[in-house]
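Visitor: In the numbering used here, the protein residues as written are 45 to 336.
Just so it is clear, CB atoms sit at the ideal spot from N, CA and C, and this is done for glycine as well.
The structure's right below; bear with me while I get my questions together.
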């Protein structure tokens with residue numbers, strides 16, 4: 045049954061389109077603008093947090109280059125591999141990242157690999173870097189999700205709830221062609237990520253102020269668990285999940301992340317042992333000593 049705009053017209057919302065502005069032959073898209081903004085805001089925030097931890101903020105600037113080089117190609121590759129049947133027919137679209145189509149789990153994996161290499165080269169604790177980046181990472185994810193809104197993608201099943209999202213006919217899955225309104229799952233995840241950010245930044249400053257001392261790696265592990273918990277249930281609403289056979293890949297990866305995060309927290313706080321690191325004893329080459 046077609047849901048019409050006549051029902052609760054003030055409650056619906058719809059994308060104004062993917063293009064932010066055209067300047068002559070140059071087209072600036074919302075998706076790219078939001079990703080760039082998330083990166084800049086994330087770098088600025090992480091450098092500020094580094095100062096609070098007595099870590100050289102220039103280190104974060106250097107790390108950011110590695111993270112961008114590692115995360116963005118990995119995010120695209122991850123997405124393309126799971127949608128290979130489509131891209132095999134249109135190989136020129138593989139590099140068209142500005143049109144959307146990146147996977148945050150690919151970005152996280154690529155970024156972690158880049159950070160591990162960076163930490164090894166600079167002889168600094170990977171987990172110290174991860175703790176400084178975690179709040180920025182989840183804030184960047186909250187911002188980046190709005191790129192899905194402007195591209196009319198990453199939405200959920202049909203709904204007639206007051207906060208429903210209108211999707212243009214050409215963007216609807218064939219099986220839902222007669223439905224106009226869908227769950228704004230991009231919004232659900234953005235709001236969830238903002239709550240995780242609030243949790244992480246609160247814990248960070250409680251640690252800095254000496255109110256609640258955290259072991260090195262704690263913030264990143266909490267990020268891994270908290271973000272993944274939200275992603276598991278939100279992914280269940282989506283219509284465009286990347287699939288591995290009958291499994292939604294994002295749910296599989298998120299459940300794995302929850303297990304790894306909880307295991308790491310148990311290792312830190314129950315067994316009271318430091319996390320394995322790329323440098324012996326979690327040494328910090330450009331900051332204060334590790335707190336275990």
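Do residue 284 and residue 198 have their beta-carbon atoms positioned less than 9 Å apart in this structure?
Guide: For this step, residue 198 is matched to residue 154 along the chain shown. For this step, residue 284 is matched to residue 240 along the chain shown. Result yes, Cβ atoms of residue 198 and residue 284 sit closer than 9 Å.
Visitor: When the Cα atoms are used, what is the spatial distance from residue 134 to residue 128?
Guide: Within the chain shown, numbered from 1, the residue matching residue 134 stands at position 90. Within the chain shown, numbered from 1, the residue matching residue 128 stands at position 84. Going by the C-alpha atoms only, they are around 10 Å apart.
Visitor: Under a three-way DSSP split, which group does residue 73 fall into?
Guide: For the purposes of this step, residue 73 is identified with residue 29 of the chain shown, where counting begins at 1. Residue state, collapsed to three classes: strand.
Visitor: Apply the 10 Å Cβ neighbour rule to residue 236 and answer buried if 16 or more other Cβ atoms are within range, or exposed otherwise.
Guide: Your numbering for residue 236 matches position 192 in the chain shown. Its Cβ being crowded by 16 or more others within 10 Å, residue 236 is buried.
Visitor: Where does the unbroken alpha helix (DSSP H) through residue 192 begin, and where does it stop?
Guide: The residue given as residue 192 occupies position 148 in the chain shown. Run containing residue 192: 170-194, per the alpha helix (DSSP H) assignment.
Visitor: On the criterion of 16 or more Cβ atoms from any shown chain inside 10 Å, does residue 222 qualify as buried, or is it exposed?
Guide: Within the chain shown, residue 222 is the residue found at index 178, counting from 1. Its Cβ having fewer than 16 others within 10 Å, residue 222 is exposed.
Visitor: Would you tell me roughly how many angstroms separate the C-alpha atoms of residue 319 and residue 166, rounded to the nearest one?
Guide: Translated into the one-based positions of the chain shown, residue 319 becomes position 275. Translated into the one-based positions of the chain shown, residue 166 becomes position 122. Answer to the nearest angstrom: the Cα atoms are 18 Å apart.
Visitor: If the criterion is Cβ atoms closer than 9 Å, does the pair residue 159 and residue 174 meet it?
Guide: Within the chain shown, residue 159 is the residue found at index 115, counting from 1. Within the chain shown, residue 174 is the residue found at index 130, counting from 1. Going by C-beta atoms, residue 159 is nearer than 9 Å to residue 174.
Visitor: When burial is assigned at 16 or more other CB atoms within 10 Å of the CB, is residue 321 buried or exposed?
Guide: As a first step, residue 321 must be located in the chain shown, where it is residue number 277. Buried: at least 16 other Cβ atoms inside 10 Å.
Visitor: From residue 124 to residue 203, what distance separates their C-alpha atoms?
Guide: To locate residue 124, count along the chain shown from 1; it is residue 80. To locate residue 203, count along the chain shown from 1; it is residue 159. Computed Cα separation, rounded: 29 Å.
Visitor: Determine the closest residue to residue 217 out of 230, 232, 200, with distance taken between C-alpha atoms.
Guide: Numbered from 1 along the chain shown, position 173 holds the residue referred to as residue 217. Comparing Cα positions, the closest option is 200.
Visitor: Go through its chain and collect everything with a Cβ distance to residue 331's Cβ below 8 Å, but skip five positions before and after it.
Guide: As a first step, residue 331 must be located in the chain shown, where it is residue number 287. In this prediction, residue 331 scores a pLDDT of 47, lower than 50, which makes its location untrustworthy; no coordinate-derived value is stated.
Visitor: Taking residue 194 and residue 74 to be in contact with their CB atoms under 8 Å, please state how far apart those CB atoms are, rounded to whole angstroms.
Guide: Here residue 194 refers to the residue found at position 150 of the chain shown. Here residue 74 refers to the residue found at position 30 of the chain shown. Right, their Cβ atoms sit about 4 Å apart.
Visitor: Could you have a look at residue 200 and say whether DSSP puts it in helix, strand or coil?
Guide: Counting from 1 along the chain shown, the entry for residue 200 is found at position 156. Looking at residue 200 - three-state DSSP - the assignment turns out to be strand.
Visitor: Out of curiosity, what's the CA-to-CA distance linking residue 58 and residue 205?
Guide: Taking the first residue of the chain shown as 1, we reach residue 58 at position 14. Taking the first residue of the chain shown as 1, we reach residue 205 at position 161. C-alpha separation (whole angstroms): 14 Å.
Visitor: Looking at the secondary structure, which residues open and close the alpha helix (DSSP H) in which residue 237 lies?
Guide: Taking the first residue of the chain shown as position 1, residue 237 is located at position 193. Its alpha helix (DSSP H) spans residues 229-252.
Visitor: Have a look at the DSSP bridge pairing and note the partners of residue 66.
Guide: In the chain shown, counting from the first residue as 1, residue 66 sits at position 22. DSSP, once it has assigned bridges, lists 71 as partnering residue 66.
Visitor: What does the alpha-carbon distance come out to for the pair residue 269 and residue 303?
Guide: Numbered from 1 along the chain shown, position 225 holds the residue referred to as residue 269. Numbered from 1 along the chain shown, position 259 holds the residue referred to as residue 303. Cα to Cα, the separation comes out at about 8 Å.
Visitor: Should the stretch 244-252 be called in touch with the stretch 185-193, which here means at least 3 C-beta pairs below 8 Å?
Guide: At 8 Å Cβ cutoff, the stretches do not touch.
Visitor: Out of 251, 212, 220, 88, which one is the CA nearest neighbour of residue 177?
Guide: For the purposes of this step, residue 177 is taken as residue 133 along the chain shown, with counting starting at 1. Nearest C-alpha to residue 177: 88.
Visitor: If you follow the alpha helix (DSSP H) that residue 130 is in, where does it begin and where does it stop?
Guide: One-based indexing of the chain shown puts residue 130 at position 86. Segment 128-131, the alpha helix (DSSP H) holding residue 130.
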